[in-house]
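Engineer:
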Amino acid sequence: MEKGRLRAHIQQMEHINKCTSVLRPLMTEGDTNGVPLAETALNEMVAVTPAPEQRAALEHVQSVVQAHRDEASGIQLRLADAINNYIEKLMRSLE
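Position 29 of the sequence shown, counted from 1, bears residue number 29 in full-length UniProt numbering, the numbering being contiguous throughout.
1) Considering Cα atoms alone, identify which of 54, 12, 84, 61 is closest to residue 20.
2) As a quick exercise: from 51, 80, 79, 29, pick the residue whose alpha carbon is nearest that of residue 95.
3) With 16 as the cutoff for other CB atoms within 10 Å, does residue 80 come out buried or exposed?
4) Go ahead and pull the three-state DSSP assignment for residue 21.
5) Using the C-alpha atoms, what's the distance from residue 41 back to residue 47?
6) Expressed to the nearest angstrom, what Euclidean distance is found between the alpha-carbon atoms of residue 28 and residue 2?
7) Checking 9 Å against the spacing of the C-beta atoms, do residue 82 and residue 32 come in under that value?
8) Grab the span of the alpha helix (DSSP H) containing residue 71 for me, first residue to last.
As C-alpha coordinates, then:
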(Lines of atoms letter the chains of each structure in order from A; the text may use other names.)
(Lines give C-alpha, C1' and ligand atoms only; values in the text may rest on other atoms or scores of the structure.)
Protein backbone atom coordinates (compact mmCIF):
# COMPACT_ATOMS: atom_id res chain seq x y z
CA MET A 1 0.00 0.00 0.00
CA GLU A 2 1.22 3.46 -0.72
CA LYS A 3 1.65 5.80 2.24
CA GLY A 4 -1.54 7.77 1.56
CA ARG A 5 -3.71 4.67 1.32
CA LEU A 6 -2.06 3.15 4.38
CA ARG A 7 -2.66 6.34 6.36
CA ALA A 8 -6.31 6.39 5.25
CA HIS A 9 -6.73 2.73 6.20
CA ILE A 10 -5.24 3.33 9.66
CA GLN A 11 -7.46 6.36 10.16
CA GLN A 12 -10.54 4.35 9.15
CA MET A 13 -9.64 1.61 11.62
CA GLU A 14 -9.37 4.27 14.33
CA HIS A 15 -12.95 5.36 13.58
CA ILE A 16 -14.15 1.75 13.69
CA ASN A 17 -12.30 1.14 16.96
CA LYS A 18 -13.80 4.30 18.46
CA CYS A 19 -17.28 3.09 17.51
CA THR A 20 -16.78 -0.43 18.85
CA SER A 21 -15.25 0.94 22.06
CA VAL A 22 -18.62 2.61 22.70
CA LEU A 23 -20.68 -0.43 21.67
CA ARG A 24 -18.82 -3.13 23.61
CA PRO A 25 -19.50 -1.77 27.13
CA LEU A 26 -23.11 -1.00 26.22
CA MET A 27 -23.63 -4.59 25.10
CA THR A 28 -21.85 -5.95 28.17
CA GLU A 29 -24.04 -3.86 30.47
CA GLY A 30 -27.13 -4.71 28.45
CA ASP A 31 -28.72 -1.35 29.20
CA THR A 32 -31.30 -0.69 26.50
CA ASN A 33 -31.17 2.99 27.48
CA GLY A 34 -27.82 2.89 25.68
CA VAL A 35 -29.43 2.43 22.25
CA PRO A 36 -29.33 6.19 21.45
CA LEU A 37 -25.63 6.28 22.38
CA ALA A 38 -24.99 3.26 20.15
CA GLU A 39 -26.85 4.90 17.27
CA THR A 40 -24.85 8.10 17.75
CA ALA A 41 -21.56 6.17 17.69
CA LEU A 42 -22.60 4.41 14.48
CA ASN A 43 -23.82 7.64 12.86
CA GLU A 44 -20.56 9.40 13.73
CA MET A 45 -18.50 6.56 12.29
CA VAL A 46 -20.48 6.60 9.04
CA ALA A 47 -20.21 10.40 8.84
CA VAL A 48 -16.39 10.34 8.91
CA THR A 49 -16.07 7.32 6.62
CA PRO A 50 -15.66 7.93 2.88
CA ALA A 51 -18.79 6.80 1.02
CA PRO A 52 -17.15 3.89 -0.82
CA GLU A 53 -15.96 2.43 2.50
CA GLN A 54 -19.09 2.91 4.62
CA ARG A 55 -20.61 -0.51 3.96
CA ALA A 56 -17.34 -2.30 4.78
CA ALA A 57 -16.98 -0.30 7.99
CA LEU A 58 -20.53 -1.15 9.04
CA GLU A 59 -19.96 -4.82 8.20
CA HIS A 60 -16.85 -4.82 10.37
CA VAL A 61 -18.74 -3.32 13.31
CA GLN A 62 -21.59 -5.75 12.67
CA SER A 63 -19.16 -8.66 13.01
CA VAL A 64 -18.14 -7.34 16.43
CA VAL A 65 -21.79 -7.05 17.46
CA GLN A 66 -22.50 -10.55 16.14
CA ALA A 67 -19.59 -12.02 18.11
CA HIS A 68 -21.02 -10.48 21.28
CA ARG A 69 -24.54 -11.58 20.36
CA ASP A 70 -23.42 -15.19 19.98
CA GLU A 71 -22.46 -15.21 23.67
CA ALA A 72 -25.26 -13.00 25.00
CA SER A 73 -28.57 -13.78 26.62
CA GLY A 74 -31.52 -11.86 28.00
CA ILE A 75 -31.20 -8.09 27.94
CA GLN A 76 -27.71 -8.25 26.42
CA LEU A 77 -29.11 -10.22 23.51
CA ARG A 78 -31.94 -7.73 23.01
CA LEU A 79 -29.49 -4.83 23.00
CA ALA A 80 -27.18 -6.58 20.52
CA ASP A 81 -30.21 -7.23 18.31
CA ALA A 82 -31.27 -3.57 18.53
CA ILE A 83 -27.78 -2.43 17.53
CA ASN A 84 -27.65 -4.96 14.71
CA ASN A 85 -31.06 -3.81 13.45
CA TYR A 86 -29.80 -0.23 13.36
CA ILE A 87 -26.68 -1.30 11.44
CA GLU A 88 -28.93 -3.09 8.94
CA LYS A 89 -31.02 0.09 8.59
CA LEU A 90 -27.90 2.13 7.91
CA MET A 91 -26.70 -0.37 5.31
CA ARG A 92 -30.07 -0.28 3.55
CA SER A 93 -29.84 3.50 3.40
CA LEU A 94 -26.54 3.16 1.52
CA GLU A 95 -28.12 1.18 -1.33
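Backbone N, C-alpha and C fix where the C-beta goes; we use that ideal spot for every residue, glycine too.
Structural biologist: Reading it off the structure:
1) For residue 20, the nearest C-alpha among the options comes from 61.
2) 51
3) buried
4) helix
5) 10 Å
6) Roughly 38 Å separates the two Cα atoms.
7) yes
8) For residue 71, the enclosing alpha helix (DSSP H) begins and ends at 54-71.
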